[in-house]
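Numbering (our numbering), first residue to last: 16 to 103.
Here it is, written out as structure tokens:
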């Protein structure tokens with residue numbers, strides 16, 4: 016049971032990293048594009064980059080939500096099966 020709990024904890028950490036990747040990468044790319052455009056036009060307004068990064072992160076969440084929910088459901092079912100087997 017201890018090995019199964021350790022494996023479940025490890026999978027939970029890896030899953031959290033994997034599921035946070037799409038919005039983070041989208042926000043990173045949007046920030047990079049806005050930063051290049053700000054450098055090219057010499058507009059140094061900090062509030063200008065917030066809206067594109069937020070929109071990119073929300074768009075990535077919207078596009079990746081079926082995949083994210085499928086992965087979360089698979090993990091939850093695995094965790095519930097483990098808890099059912101562990102009960103006396």
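Glycine included, every Cβ here is placed at the ideal spot set by N, Cα and C.
Computed from a predicted structure; not experimentally measured.
query	result
Straight-line Cα distance separating residue 34 from residue 96	22 Å
Cβ-based neighbour list, residue 90, same chain, cut-off 8 Å, excluding 5 preceding and 5 following	26, 27, 30
C-alpha gap between residue 79 and residue 53, whole angstroms	29 Å
Distance CB(residue 83)-CB(residue 76) smaller than 9 Å	yes
Chain C within 9 Å of residue 19, Cβ atoms only	Of the protein chains in this structure there is only one, and it is not chain C.
Endpoints, alpha helix (DSSP H) assigned at residue 61	Looking at the DSSP string, residue 61 is not in any alpha helix (DSSP H), and its letter there is neither H nor E.
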